[in-house]
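Throughout, this note's numbering is defined as the position within the sequence shown, counted from one, plus 1472. This report refers to the structure that appears directly beneath it.
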Amino acid sequence: PPSASELVAVPGINSVIPLGWGALAFIISLVIHEFGHGLLARGHGMRVRSFGLLQLGPLPLGAFAEPQSDELMRAPRRERLRMFAAGPATNLFAALLMLMLLGGLATQFVAEEEYIHVQGIVVEGGAEEAGMQPWDTLVSIDGVPVHTTDDFRSILQGYSSNDTVDLVVIHQDGTRDTLQATFGDKHQYYLNLGWSEDALNNLEVQPGDPFLGVEGLSEGTAGIDRLAGPLSPRFDGTLFQRALSLPFHVLTILLIPFELGGVAIHPFEESLMAAGDGLVGSVLGIDVLLLFAHLFFWLMWVNILLGFTNLIPIVPFDGGHMFRDMLHALLSGVKRVGRKLKLWDLHPMWVDHFSARASSYSSLVLLVMLLFTMFIPYL
1473 PPSASELVAV
1483 PGINSVIPLG
1493 WGALAFIISL
1503 VIHEFGHGLL
1513 ARGHGMRVRS
1523 FGLLQLGPLP
1533 LGAFAEPQSD
1543 ELMRAPRRER
1553 LRMFAAGPAT
1563 NLFAALLMLM
1573 LLGGLATQFV
1583 AEEEYIHVQG
1593 IVVEGGAEEA
1603 GMQPWDTLVS
1613 IDGVPVHTTD
1623 DFRSILQGYS
1633 SNDTVDLVVI
1643 HQDGTRDTLQ
1653 ATFGDKHQYY
1663 LNLGWSEDAL
1673 NNLEVQPGDP
1683 FLGVEGLSEG
1693 TAGIDRLAGP
1703 LSPRFDGTLF
1713 QRALSLPFHV
1723 LTILLIPFEL
1733 GGVAIHPFEE
1743 SLMAAGDGLV
1753 GSVLGIDVLL
1763 LFAHLFFWLM
1773 WVNILLGFTN
1783 LIPIVPFDGG
1793 HMFRDMLHAL
1803 LSGVKRVGRK
1813 LKLWDLHPMW
1823 VDHFSARASS
1833 YSSLVLLVML
1843 LFTMFIPYL
């Protein structure tokens, strides 16, 4: 299980978040968050007493935009809700902007070599027995070049399990090698993993289908395409499919640093890319393009995390204050309905007291649940 520090999204504490990129993105995202609060507070006529950043040495711990407390409490509830929601909303808008910039940046990358590479090797599969290694580049199968993943699937259609082929590969250290691999049975492999016959029939996987034993087949620009997702120029789909994929891409983005050990793009995948012939790519070069790719990714990643975290209904997060005001508004509505129907009449002080206590108790319960989730693997 992950350690407790890995569940705290603060650079310098969480080993998955690199201190350099993480601290820079965290500081910028916090400023964006508090600027959203301050801007809307001023827009609703509330004065901002102070604005600043909290740090422990080089480690960013938080930021603040402090409106006049008396003006905040006197403000209409709807305006107060908007002010609290402005911070997370600004973070999520900034994350969307970074994703759009990544999509534009992805157009400036091309593959150094037009071949596919493998991210993983199946244990005891034909590829492993032949000597293939993770991150090998697959150049050809029996002399037929493999430029895309579609090429790979098309070539395999001409073979069956137990057939032997010659593979030309380029290892991660740059050496080129010719290997002999024997295909396994794809149908039997998935049966051994627990798949049912019906599921395999639905996927049109038949007995005797060849299985090389490689995972994560990717083309040369996979590193940047993974970050840009549906906004990548190489994304195969319609405009509707791009829009439909966007929410799921957000979840994928959050997992990338955990899957790749704290980096946005695997170093080997960086070596597979080159700057394109476009104006921006030719002027900046591959190193500067990668620099911007990392910057945009970490800004997007931290803004997404900060935006959603602040919506958790726990005081002092924005979500906790919003929950309290929304509960107060709900009880006030119940009070008005009861008075109109002459069934009940809730006292305004009771509404204030109940909404404040309910907000405090819900914050405590959710905090205990979060701590329980973090530390249950160690109990």
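Even glycine gets a Cβ: it sits at the ideal position worked out from N, Cα and C.
field: Whole-number beta carbon distance between M1604 and V1590, since they are thought to touch under 8 Å
entry: Here residue 1590 refers to the residue found at position 118 when the sequence shown is read from its first residue. Here residue 1604 refers to the residue found at position 132 when the sequence shown is read from its first residue. Right, the Cβ-Cβ distance comes to about 7 Å (below 8 Å), so this counts as a contact.
field: 4 or more residues per run - each alpha helix (DSSP H) lying fully within the region 1655–1735
entry: 1658–1664, 1669–1674, 1694–1700, 1711–1731
task: Give the secondary structure of F1498 by DSSP, where H, G and I count as helix, E and B as strand, and everything else as coil.
output: Position 26 of the sequence shown, counting from 1, holds the residue named residue 1498. Note: F1498 maps to helix in three-state DSSP.
- request: Mark G1733 as exposed unless 16 or more other C-beta atoms lie within 10 angstroms of its C-beta, in which case mark it buried.
  value: Residue 1733 sits at position 261 when you count from the first residue of the sequence shown. G1733 comes out exposed.
query: For the putative contact between L1703 and L1574, defined by C-beta atoms under 8 Å, what is the C-beta separation to the nearest angstrom?
result: On the sequence shown, position 231 is the one that residue 1703 refers to. On the sequence shown, position 102 is the one that residue 1574 refers to. Yes, they are in contact, since the Cβ atoms of L1703 and L1574 sit about 7 Å apart, within 8 Å.
- prompt: Cβ atoms of G1688 and P1600: under 9 Å apart, would you say?
  reply: Counting from 1 along the sequence shown, the entry for residue 1600 is found at position 128. Counting from 1 along the sequence shown, the entry for residue 1688 is found at position 216. Note that residue 1600 is Glu in the sequence shown, not Pro. The answer is no: Cβ separation not under 9 Å.
message: Taking its Cβ as the centre, do 16 or more other Cβ atoms sit within 10 Å of P1682, making it buried, or is it exposed?
response: The sequence position of residue 1682 within the sequence shown is 210, counting from 1. So P1682 ends up on the buried side.
message: If distances are taken between C-alpha atoms only, which option among R1808, D1608, L1723 comes closest to R1648?
response: As a first step, residue 1648 must be located in the sequence shown, where it is residue number 176. Checked all of R1808, D1608, L1723; the closest Cα to R1648 is D1608.
- request: Could you have a look at I1642 and say whether DSSP puts it in helix, strand or coil?
  value: Taking the sequence shown and counting its residues from 1, one reaches residue 1642 at position 170. Per DSSP, reduced to three states, the secondary structure at I1642 is strand.
field: DSSP beta-bridge partners of M1737
entry: If you number the sequence shown from 1, residue 1737 lands on position 265. Residue identity check: residue 1737 is Ile in the sequence provided, not Met. BP columns for I1737 are empty, so no partner.
- prompt: Curious, which full-length alpha helix (DSSP H) runs of at least 4 residues does the region 1575–1658 contain?
  reply: 1598–1602, 1621–1628
field: Counterpart residues of V1774 in DSSP-defined beta bridges
entry: For the purposes of this step, residue 1774 is taken as residue 302 along the sequence shown, with counting starting at 1. By DSSP's assignment, V1774 forms no beta bridge with any residue.
query: What are the start and end residues of the alpha helix (DSSP H) that includes M1798?
result: Translated into positions along the sequence shown, residue 1798 becomes position 326. Here the alpha helix (DSSP H) through M1798 covers 1790–1813.
message: With a threshold of 7 Å on Cβ separation, who are the neighbours of A1694 within its own chain once the five nearest residues in sequence on each side are excluded?
response: Against the sequence shown, residue 1694 aligns to sequence position 222. Residues of the same chain with a CB within less than 7 Å of the CB of A1694, apart from the 5 flanking positions on each side, are E1741 in chain order.
task: Given a cut-off of 9 Å, decide if L1496 and A1765 are closer than it, judged by their beta-carbon atoms.
output: Residue 1765 sits at position 293 when you count from the first residue of the sequence shown. Residue 1496 sits at position 24 when you count from the first residue of the sequence shown. Not in contact: A1765 and L1496 (Cβ atoms no closer than 9 Å).
message: Measuring only the C-alpha atoms, how far is T1650 from T1562?
response: Residue numbering aside, residue 1650 sits at position 178 when the sequence shown is read from its first letter. Residue numbering aside, residue 1562 sits at position 90 when the sequence shown is read from its first letter. Each residue's Cα considered, the two are about 53 Å apart.
- request: Return the first residue and the last residue of the beta strand (DSSP E) that A1747 is part of.
  value: As a position in the sequence shown, residue 1747 is number 275, starting the count at 1. Looking at the DSSP string, the run of the beta strand (DSSP E) that includes A1747 is 1745–1747.
message: Measuring straight from C-alpha to C-alpha, what distance separates P1565 and S1501?
response: The sequence position of residue 1565 within the sequence shown is 93, counting from 1. The sequence position of residue 1501 within the sequence shown is 29, counting from 1. One point to set straight first is that residue 1565 is Phe, not Pro, in the sequence displayed. Their Cα atoms are separated by approximately 11 Å.
- prompt: If you draw a straight line from the C-alpha of G1709 to the C-alpha of H1516, how long is it?
  reply: The residue labelled residue 1709 in the question sits at position 237 within the sequence shown. The residue labelled residue 1516 in the question sits at position 44 within the sequence shown. Their backbone Cα atoms lie some 43 Å apart in a straight line.
query: I think G1701 touches T1579, with their Cβ atoms under 8 Å apart; what is that distance to the nearest whole Å?
result: For the purposes of this step, residue 1701 is identified with residue 229 of the sequence shown, where counting begins at 1. For the purposes of this step, residue 1579 is identified with residue 107 of the sequence shown, where counting begins at 1. Not really, about 14 Å apart at Cβ, beyond 8 Å.
- request: Decide if L1744 is buried, meaning its Cβ has at least 16 other Cβ atoms within 10 Å, or exposed.
  value: Taking the sequence shown and counting its residues from 1, one reaches residue 1744 at position 272. It counts as buried.
query: With 16 as the cutoff for other CB atoms within 10 Å, does K1658 come out buried or exposed?
result: For the purposes of this step, residue 1658 is taken as the residue at position 186 of the sequence shown. Buried, by the Cβ-count rule.
query: Since V1637 and L1610 are thought to touch, with beta carbons under 8 Å apart, how far apart are those beta carbons, to the nearest angstrom?
result: Reading the sequence shown from its first residue, position 165 is the one you call residue 1637. Reading the sequence shown from its first residue, position 138 is the one you call residue 1610. Going by Cβ atoms, the distance from V1637 to L1610 rounds to 11 Å, so no, they are not a contact pair.
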